[in-house]
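K.L.:
There are 2 protein chains.
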Amino acid sequence: MARLFHVPLSPFCRKVRLSLAEKKIEVELVEEKYWEKSPDFLRRNPAAKVPVLRLDGRVMSESAAICEYIEETRPEPALMPKTPEARFEVRRLVSWFDDKFHHEVTSKLLYERVNKKVTGQGYPDSKNVKEGARAIKFHLDYMAWLLDQRRWLAGDQMTLADFAAAAHLSSLDYISDVDWNRSQVVKDWYAKIKSRPAFRSILADQVPGFRPPAHYADLDF
Amino acid sequence: MARLFHVPLSPFCRKVRLSLAEKKIEVELVEEKYWEKSPDFLRRNPAAKVPVLRLDGRVMSESAAICEYIEETRPEPALMPKTPEARFEVRRLVSWFDDKFHHEVTSKLLYERVNKKVTGQGYPDSKNVKEGARAIKFHLDYMAWLLDQRRWLAGDQMTLADFAAAAHLSSLDYISDVDWNRSQVVKDWYAKIKSRPAFRSILADQVPGFRPPAHYADLDF
Numbered sequence: 001m002a003r004l005f006h007v008p009l010s011p012f013c014r015k016v017r018l019s020l021a022e023k024k025i026e027v028e029l030v031e032e033k034y035w036e037k038s039p040d041f042l043r044r045n046p047a048a049k050v051p052v053l054r055l056d057g058r059v060m061s062e063s064a065a066i067c068e069y070i071e072e073t074r075p076e077p078a079l080m081p082k083t084p085e086a087r088f089e090v091r092r093l094v095s096w097f098d099d100k101f102h103h104e105v106t107s108k109l110l111y112e113r114v115n116k117k118v119t120g121q122g123y124p125d126s127k128n129v130k131e132g133a134r135a136i137k138f139h140l141d142y143m144a145w146l147l148d149q150r151r152w153l154a155g156d157q158m159t160l161a162d163f164a165a166a167a168h169l170s171s172l173d174y175i176s177d178v179d180w181n182r183s184q185v186v187k188d189w190y191a192k193i194k195s196r197p198a199f200r201s202i203l204a205d206q207v208p209g210f211r212p213p214a215h216y217a218d219l220d221f
Numbered sequence: 001m002a003r004l005f006h007v008p009l010s011p012f013c014r015k016v017r018l019s020l021a022e023k024k025i026e027v028e029l030v031e032e033k034y035w036e037k038s039p040d041f042l043r044r045n046p047a048a049k050v051p052v053l054r055l056d057g058r059v060m061s062e063s064a065a066i067c068e069y070i071e072e073t074r075p076e077p078a079l080m081p082k083t084p085e086a087r088f089e090v091r092r093l094v095s096w097f098d099d100k101f102h103h104e105v106t107s108k109l110l111y112e113r114v115n116k117k118v119t120g121q122g123y124p125d126s127k128n129v130k131e132g133a134r135a136i137k138f139h140l141d142y143m144a145w146l147l148d149q150r151r152w153l154a155g156d157q158m159t160l161a162d163f164a165a166a167a168h169l170s171s172l173d174y175i176s177d178v179d180w181n182r183s184q185v186v187k188d189w190y191a192k193i194k195s196r197p198a199f200r201s202i203l204a205d206q207v208p209g210f211r212p213p214a215h216y217a218d219l220d221f
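Here it is, written out as structure tokens:
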């Protein structure tokens, strides 16, 4: 069986979990305290990051490369469109969320509030938290602009771009950092993706010391 | 004709330039002072980053997505291998350089020494410079370890992984931050990639106020 070394609130791990679940690939989840850099873990992945996926007898790191590999080896149901233009748009948005959104929002809210505490690095920096809270508004508006023109973020089918975005937003939703009232179209999109069976394991996540809001796992939030 | 909005020492722009040149796609280079956030530029790319490529009547951002698009629309000469396993390894290494190497090395050396001055943000932070100078050794050793087993970084053919790595190292070489004596196998690899016609425009780059070392453009360095 596949095995995924992960931490529950990591958006990069969640993106891989969503891909695996959507493709109905059974996986054993193993929580990995990557910041403790155990020799075993470093042997599996010199980058000392999660996710690390054991699949098809290989040990793989880097979530974008992992998701493309899963897509190429298990093409159904498709999480990538067929044309180069549409595939470009998916990859552009995956990078948008995993790079820009991560840098401007996730690292300033989730990492300040949760990762610092969990890894014993002290208290949140309120300047960062303020910047993150301001930046997420811009990103939600950008998503609303995309979703005004398209059924899903990258086009008319659900793709890895939706999983990348939902992975970040679900982690932030766990700590009540998403204002779902800002845009109805974004809220509708999230309700749609949240109700997929692939999302169940993510809604069941529990992080000791952090209790999610009541709406976190509620499909009719 | 294709048009690339770029800055000369950006490794992300250089990776795209190398891909375009290797595929013999003619491109007009336009220097874009992205940090000035001109309204025209923001319209082309809301992420306010370079590279931005105009190609096939589209305006594209995000270097990884751009390179995959070029590869899918102009498959020859191939910069991606055929099997999912080999393609995974290329994408893993592209992420390694554009994410980890960039964070640990490029942002601490190039951005401190050059970008800060060019964008009027003051002097290099010596703590960052020291960290970057220490981290690059680890990365050169990792490359040497890969190249002991393979002709090119991701396998036996030259791929986007080599271009990603060469893009970062060439930018750092411009400011004399690469110790080529650390590993003969890495030096040989760089000499091989540097001598390709695709590399010529990069070796001709000039940044006002920063003069490259004599060996920068020397193919027999």
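Listed in order, the protein sequences are those of chains A and B.
Each residue of the first sequence is one higher than the one before, starting from 1 at the first, in full-length UniProt numbering.
Each residue of the second sequence is one higher than the one before, starting from 1 at the first, in full-length UniProt numbering.
For every residue, glycine included, the Cβ atom is placed at its ideal position computed from N, Cα and C.
In this text, all values refer to a predicted model and were calculated from it rather than measured experimentally.
1. Please specify which runs of the beta strand (DSSP E), each continuous and at least 3 residues long, are wholly inside the UniProt domain "GST N-terminal" (1-78) of chain B, giving them in chain order.
2. Which same chain residues, not among the five before or five after Glu112 (chain A), have their C-beta less than 8 Å away from its C-beta?
3. Taking only beta carbons into account, state which residues of the region 31-43 of chain B come closer than 8 Å to chain A, listed in chain order.
4. Tell whether a beta-carbon distance below 7 Å holds between His168 (chain B) and Thr119 (chain B).
5. Could you compute how far the alpha carbon of Ile175 (chain B) sits from the alpha carbon of Ser195 (chain A)?
6. Could you tell me the alpha carbon to alpha carbon distance between Glu89 (chain A) and Ala2 (chain B), rounded to whole angstroms?
7. If the criterion is Cβ atoms closer than 7 Å, does the pair Ala64 (chain B) and Ser95 (chain A) meet it?
8. Buried or exposed for Lys137 (chain A), going by 16 or more other Cβ atoms inside 10 Å?
9. Compare the C-beta of Ala65 (chain A) with all C-beta atoms of chain B and state if any pair is closer than 7 Å.
10. Would you mind reading off the limits of the alpha helix (DSSP H) that contains His215 (chain A)?
11. Since Trp189 (chain A) sits in a beta bridge, which residues does DSSP pair it with?
12. Using a C-beta cutoff of 7 Å, does Phe163 (chain A) count as contacting chain B?
13. Among A:Lys108, A:Leu53, A:Pro46, A:Arg44, which one has its Cα closest to the Cα of Arg14 (chain A)?
14. Mapping DSSP to helix, strand and coil, what is Phe138 (chain B)?
15. Would you mind working out which of B:Val185, B:Pro213, B:Ala161 sits nearest residue 229 (chain B), comparing C-alpha positions?
16. Under a three-way DSSP split, which group does Phe221 (chain A) fall into?
17. Would the beta-carbon of Leu93 (chain A) fall within 7 Å of that of Leu153 (chain A)?
18. Following the continuous alpha helix (DSSP H) through Ala86 (chain B), name the residue where it begins and the one where it ends.
19. If we ignore side chains and look at the alpha-carbon of each, how far apart do Val7 (chain A) and Trp35 (chain A) end up?
P.N.:
Judging by the given coordinates:
1. At a cut-off of 3 residues, the continuous stretches assigned as beta strand (DSSP E) that sit fully inside the UniProt domain "GST N-terminal" (1-78) of chain B are 2-6, 27-31, 52-55, 58-61.
2. So the list reads Pro124, Asp125, Asn128, Val129, Gly132, once near-sequence residues are dropped.
3. Going along the region 31-43 of chain B in chain order, one finds no residue with a Cβ nearer than 8 Å to chain A.
4. Their beta carbons are not under 7 Å apart, which means His168 (chain B) does not touch Thr119 (chain B) by this criterion.
5. Cα to Cα, Ile175 (chain B) sits roughly 52 Å from Ser195 (chain A).
6. Approximately 19 Å between the Cα atoms of the pair.
7. Yes. Within cutoff.
8. Here Lys137 (chain A) is exposed, its C-beta having fewer than 16 other C-beta atoms within 10 Å.
9. It does: the Cβ of Ala65 (chain A) has a partner Cβ on chain B nearer than 7 Å.
10. Element bounds for His215 (chain A): n/a, residue is neither H nor E.
11. Beta-bridge partners of Trp189 (chain A) (DSSP): none assigned.
12. With 7 Å as the cut-off, Phe163 (chain A) does not count as an interface residue toward chain B.
13. Arg14 (chain A) has its Cα closest to that of A:Leu53, out of A:Lys108, A:Leu53, A:Pro46, A:Arg44.
14. For Phe138 (chain B), the secondary structure class from DSSP, reduced to helix, strand or coil, is helix.
15. Lying outside 1 to 221, the shown extent of chain B, residue 229 (chain B) is not represented and no answer is given.
16. In this structure, DSSP gives Phe221 (chain A) a state outside helix and strand, which the three-state scheme calls coil.
17. In terms of Cβ geometry, Leu93 (chain A) and Leu153 (chain A) form a close pair [threshold 7 Å].
18. Residues 84-95.
19. Between Val7 (chain A) and Trp35 (chain A), the C-alpha separation is close to 11 Å.
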